[in-house]
Each structure stands twice: as C-alpha cells, then as structure tokens.
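Chains as they are written, first to last, in my numbering: chain A, 1 to 220; chain B, 1001 to 1220. Here is the structure we will look at, set down as structure tokens.
There are 2 protein chains.
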Amino acid sequence: MHSQVRAHPSSGRGRPAGGSEGKRAAIVLAARRLFLRDGFERVSVDAIAAEAGVSKRTIYNHYGDKERLFLDVIGETYNTMIGAVVALMDKYLTDLPDEAVEDGIIAFSREVAMFAARTPERTAVIRLLMSEAPHFPALLAMEARPRGITASIAERLARLDARGLLDVPEPQDAANHLFALTMGQVNNRSMYGAIELSEDEVTRMATSGARAFLRAYRPR
Amino acid sequence: MHSQVRAHPSSGRGRPAGGSEGKRAAIVLAARRLFLRDGFERVSVDAIAAEAGVSKRTIYNHYGDKERLFLDVIGETYNTMIGAVVALMDKYLTDLPDEAVEDGIIAFSREVAMFAARTPERTAVIRLLMSEAPHFPALLAMEARPRGITASIAERLARLDARGLLDVPEPQDAANHLFALTMGQVNNRSMYGAIELSEDEVTRMATSGARAFLRAYRPR
DNA sequence: GTCTATAAAAAGATAGAC
DNA sequence: GTCTATCTTTTTATAGAC
Chain A
1 MHSQVRAHPS SGRGRPAGGS EGKRAAIVLA ARRLFLRDGF ERVSVDAIAA EAGVSKRTIY
61 NHYGDKERLF LDVIGETYNT MIGAVVALMD KYLTDLPDEA VEDGIIAFSR EVAMFAARTP
121 ERTAVIRLLM SEAPHFPALL AMEARPRGIT ASIAERLARL DARGLLDVPE PQDAANHLFA
181 LTMGQVNNRS MYGAIELSED EVTRMATSGA RAFLRAYRPR
Chain B
1001 MHSQVRAHPS SGRGRPAGGS EGKRAAIVLA ARRLFLRDGF ERVSVDAIAA EAGVSKRTIY
1061 NHYGDKERLF LDVIGETYNT MIGAVVALMD KYLTDLPDEA VEDGIIAFSR EVAMFAARTP
1121 ERTAVIRLLM SEAPHFPALL AMEARPRGIT ASIAERLARL DARGLLDVPE PQDAANHLFA
1181 LTMGQVNNRS MYGAIELSED EVTRMATSGA RAFLRAYRPR
C-alpha cells in the first residue's frame, strides 16, 4: 500500500529531556506536525511517539486515547490560526487617511489573500477540520470562531461609513463580501491549500476582488 | 483515473442483475456511498464488499487495489457534480428580458447557493478531494475542472455586457466575483457542508451577495 | 468470474517492571 | 512518570476450490 507514517526517531531528540511538561510539549509538537500533514487516520500513535522521542505509553498516560490528543492539538492549532487572522485584520484597516481609503483596502486585501495562500498550517488545519468534523462532532464547537474574523472587518467598515468614506449600511454583510472576494476566493480556488497558487494569481485575485468591493460600496 | 463503464466482453446488451457488469455497478455504488460518508482510510474493502453484496475477492479482481477503486469512484463522482453545477449555470442566466436582469441574477444566485448548500454529494466529494489530494496526487489532475463553472458564467455576463445591461469589462473576473459572493460564501461558511446552514441563512447570503455584485457591475 | 478461507502486517490500547 | 513488551482486533491482499 502507500507509505505508512514512520517518523525518524532522532527528530524529536535533543529537547529538554527532564520534566513531564517538556515531554508533553514534545508530544503536542509532534502530533501537530503529523496530524496536519497526514490526517487523523493515517497517523499512528507509534509514529507520534517516535517523532516526539517518548514512549507510546507516555502519550496514553497524558491523553488517554488518540482521539483526545487529536482534539486537543487541533483545537489549539485552530485557535492559534484564527488569532493570527484576526491580528492581521486589526493591523490593517486602522487609521486610514481620508484620501487613502481605497488604496488601503486594496493593500489590505492583497495582504490577507497572500497570508491565506502562504500559511500552510492554516489551510491544513481547516482542511482537517472539514474532513474530520463529521466523525468528531466536538470539532464543530469551533464553528463560531470565524465570525470573529468578519466581525473585526465589520467594525472597521462601520467606522469608515461613519466618516463618510464608504457607503456601508450593513457592515456585517459587507464584511462577508470583502472576505468572500479576497480570502474566500483564495480558499476556494486553492481548495484550502491543496492546490498551489502562484503569487501573481493571488495578487490579481485579491486586487480585482477588492476593486469590485469598492465599486459596490463606494459612496455615490 | 477516469472511470467509464467497461465494454462488456460477452453479452451484447442489457445488464443481468447477477452478471459481472451488474456486480461492478453495485461495487461502484457501494464504494461511493461509503467513501463519501467516511473517507478513504475509514472504509474497509470488507465493508464495501458487504454493502455491495459481493465478495471482497470480486472487488480485487475488478480494481486491483483499494486506491484504484477510490480514484475511479471519486473521479466519476466529481465529474458528475461539476456537470450538475454547469448544467445549473446553463439553465439560468439565459434569455433574461431587459427589464428583469437584476431580478434574474438574484434568483440565479439564490438557486445556485441553495444547490451548493443542499447537495451533500457535492460537498462531500469536494471535502474528500481536498483532504485526500496530498496523498493521491492523481486527484489534482481534476483541478482544472472548476474553471468550467466560472467560464460558463463569464460567457453569460459578456452577453449581458454586449446588450448594455451590465458593465463587465473583464467577464472572467466578474464571474469569479459572482461565484465568490454566492456559492463561495456558502462553501466557506458551511465548510463545504460540514456545518449545516439554515435555508434562511443561505437565502440571505445569496441575496446580499448578488446585490453587492449588481452594485459593482451595474452600468453607470 | 466468484466464492471461502487465510495469510501477513499494522493499528490502538494495556501489563507490569523500574 | 516512564519504559519495554505484549494483547487483541482489524486491515489489505492473496490462495485455491468451483
């Protein structure tokens, strides 16, 4: 059959060997790497133990079973990725000078689209979430999170509306549209990272998407 | 790779339920059902054999190994789904009377978004494609297909532009935008069907997306 | 072509020593 | 807490009869 997961035992060695906490961290790191790369079913607990440089029994002592380890690790990774996207949102779209709103939104869109296309951990964890959610309903508890992303955009758009720089009667809808026209386009076209997109493609998509957004929401 | 019904070696016509061709069809049906529901790794050849009502050995005689059966079945299912979407595109967006273009595009968007949300075979096969593509590079050969969908939209938009009913200088970009604002929104928000969306939610998303599209591409 | 029966390997989880 | 060694079940794939 196709290759089974066999990690190199050496790759996990050399870390602070001492305490229980160090081993736990090594397990999390190894599990994240392997789960994101190969999915739940294709990764064996043996492989995680080898990659982390601990025995399999130690993993079972810490987490009880493979499923719990998976949910723990993926949940944490997902939250980290959502946080990174929200941070990106907060970094841009703030304090745009009146005359640079349109350029600012275009630059923001490019940045966000490029981030979407070039952060393999983000795409991998979302692909994993989508494919495993039917088998681990607990994963669906995280569904509410992405709202935070567009909520963050909506807040900025409402501010731009208040300054009369955009015409955004429904900020939440508009935020969804900006998201769909930039990051959403990248997600769909790349199949969440399964298909590689060139930098040019991403830039063109984001730019044309942002321009369409501006035509729709520019004050008349 | 591609999966067509093989030419029957002995019989001239028909398909006796107990014959080789009948069994092959039963295998395909069972495999599609189980793979779409549970993914590649979670489905055993034993389970497929039981579901199809044939022996495991018969499956191996027909397909050689599990991977080939999977690629065959998923490839055929994916092509079928793409065809259904393109057919939907072709059904709408044609012969819109001058005064009903905007309403027609909104109706089209709702229809397409609802189809996207309510066709579990479509979402399941795309989720499967995304999650398995890294392990089966052959699946990536299908990546070119989705272009057919937006190309179909682009053609209609260009026609509406020629009639002066829309202002669409770049039909392919505009088609991508309409797709992103309707079906794309549904795909992203539902995580390709992993999260259930209410009918109201889908309708609201599609309607607001179509209206944003129209504001961006309405003639001035 | 199709079936029953059976390899051969790998998986998740546990026992018991230290 | 951690390790080595082992149990039990399930998996893919094949042998050989009909």
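Backbone N, C-alpha and C fix where the C-beta goes; we use that ideal spot for every residue, glycine too.
Could you confirm whether any beta carbon from chain A is found closer than 8 Å to the beta carbon of residue i?
{"i": "LEU1140/B", "result": "yes"}
{"i": "ALA1216/B", "result": "yes"}
{"i": "LEU1166/B", "result": "no"}
{"i": "GLY1184/B", "result": "yes"}
{"i": "GLU1181/B", "result": "Note that residue 1181/B corresponds to Leu in the displayed sequence, not to Glu. By this cut-off, LEU1181/B is an interface position."}
{"i": "PRO1169/B", "result": "no"}
{"i": "PRO1134/B", "result": "yes"}
{"i": "MET998/B", "result": "The displayed coordinates of chain B run from 1001 to 1220. Any statement about residue 998/B would go beyond what the structure contains."}
{"i": "ASN1252/B", "result": "Residue 1252/B lies beyond the range of chain B shown here (1001 to 1220); nothing can be said about it."}
{"i": "SER982/B", "result": "Chain B is shown from 1001 up to 1220; residue 982/B falls before or after that span and cannot be answered."}
Indicate whether at least one CB of chain B lies closer than 8 Å to the CB of residue i.
{"i": "HIS177/A", "result": "yes"}
{"i": "ASN79/A", "result": "no"}
{"i": "ASP173/A", "result": "yes"}
{"i": "SER152/A", "result": "no"}
{"i": "SER131/A", "result": "yes"}
Applying the 10 Å Cβ sphere with the 16-neighbour rule, what's the burial state of residue i?
{"i": "GLY1075/B", "result": "buried"}
{"i": "ASN187/A", "result": "buried"}
{"i": "ALA141/A", "result": "exposed"}
{"i": "GLY104/A", "result": "buried"}
{"i": "ASP1095/B", "result": "exposed"}
{"i": "ALA1100/B", "result": "exposed"}
{"i": "PRO171/A", "result": "buried"}
{"i": "ALA31/A", "result": "buried"}
{"i": "ARG163/A", "result": "exposed"}
{"i": "ARG220/A", "result": "exposed"}
{"i": "LYS1091/B", "result": "exposed"}
{"i": "ASP173/A", "result": "buried"}
{"i": "ARG57/A", "result": "exposed"}
{"i": "THR77/A", "result": "buried"}
{"i": "ASN1176/B", "result": "buried"}
{"i": "ASP65/A", "result": "exposed"}
Identify, in the order they occur along the chain, each residue of the same chain with its Cβ nearer than 7 Å to the Cβ of residue i, setting aside the five sequence neighbours on each side.
{"i": "THR964/B", "result": "Outside the shown range of chain B (1001 to 1220) lies residue 964/B, about which nothing can therefore be said."}
{"i": "GLU1132/B", "result": "PHE1040, LEU1139"}
{"i": "THR203/A", "result": "ARG110"}
{"i": "GLU1199/B", "result": "none"}
{"i": "SER11/A", "result": "At SER11/A, the pLDDT of 39 sits below 50, so the modelled position is not reliable; the number obtained from the coordinates is stated separately. Counting only Cβ-Cβ distances below 7 Å, and skipping sequence neighbours, we find GLU51."}
If I measure Cβ to Cβ from residue i and keep anything under 8 Å in the same chain, skipping five residues before and after, which residues do I get?
{"i": "GLU196/A", "result": "SER190"}
{"i": "TYR1060/B", "result": "VAL1045"}
{"i": "GLN185/A", "result": "ALA113, MET205, ALA206, GLY209"}
{"i": "VAL73/A", "result": "VAL28, ALA31, ARG32, PHE35"}
{"i": "LEU1129/B", "result": "ILE1074, TYR1078, LEU1139, MET1142"}
Just to confirm my understanding: we take residue i, look at its own chain, exclude 5 residues before and 5 after, and list those with CB closer than 6 Å. What are they?
{"i": "SER152/A", "result": "VAL86, MET89"}
{"i": "ARG1156/B", "result": "LEU1093"}
{"i": "VAL168/A", "result": "LEU157, ASP161, ALA174, TYR217"}
{"i": "TYR1063/B", "result": "LEU1069"}
How about residue i: is its Cβ closer than 7 Å to a heavy atom in the ligand HEM?
{"i": "ALA107/A", "result": "The ligand HEM is not among the ligands present in this structure, which contains no ligands whatsoever."}
query: What are the residues of the stretch 193–213 of chain A that lie near chain B, defined by any Cβ-Cβ distance shorter than 8 Å?
result: ALA194, ILE195, MET205, SER208, GLY209, ALA212, PHE213
field: Residues in the stretch 24–43 of chain A having any Cβ partner in chain B nearer than 7 Å
entry: Within the stretch 24–43 of chain A, the qualifying residues are GLY39, GLU41, ARG42.
message: Taking 8 Å as the cut-off, does the stretch 1084–1093 of chain B touch the stretch 1052–1060 of chain B (at least 3 CB pairs, one atom from each stretch)?
response: Taking one beta carbon from each stretch, the stretch 1052–1060 of chain B and the stretch 1084–1093 of chain B have fewer than 3 pairs nearer than 8 Å; the two do not touch.
- request: Count the C-beta pairs between the stretch 122–129 of chain A and the stretch 184–199 of chain A that are closer than 8 Å, then say yes if the count reaches three, no if not.
  value: yes
message: When you compare the stretch 33–43 of chain A with the stretch 1034–1049 of chain B, are there three or more beta-carbon pairs, one atom per stretch, that lie closer than 8 Å?
response: yes
Meets three-Cβ-pair contact criterion under 8 Å: the stretch 1019–1033 of chain B and the stretch 1064–1078 of chain B: Under the three-pair Cβ rule at 8 Å, the stretch 1019–1033 of chain B counts as touching the stretch 1064–1078 of chain B.
message: So if I threshold CB-CB distances at 8 Å, which residues from the stretch 110–129 of chain A count as touching chain B?
response: ILE126, ARG127, LEU128, LEU129
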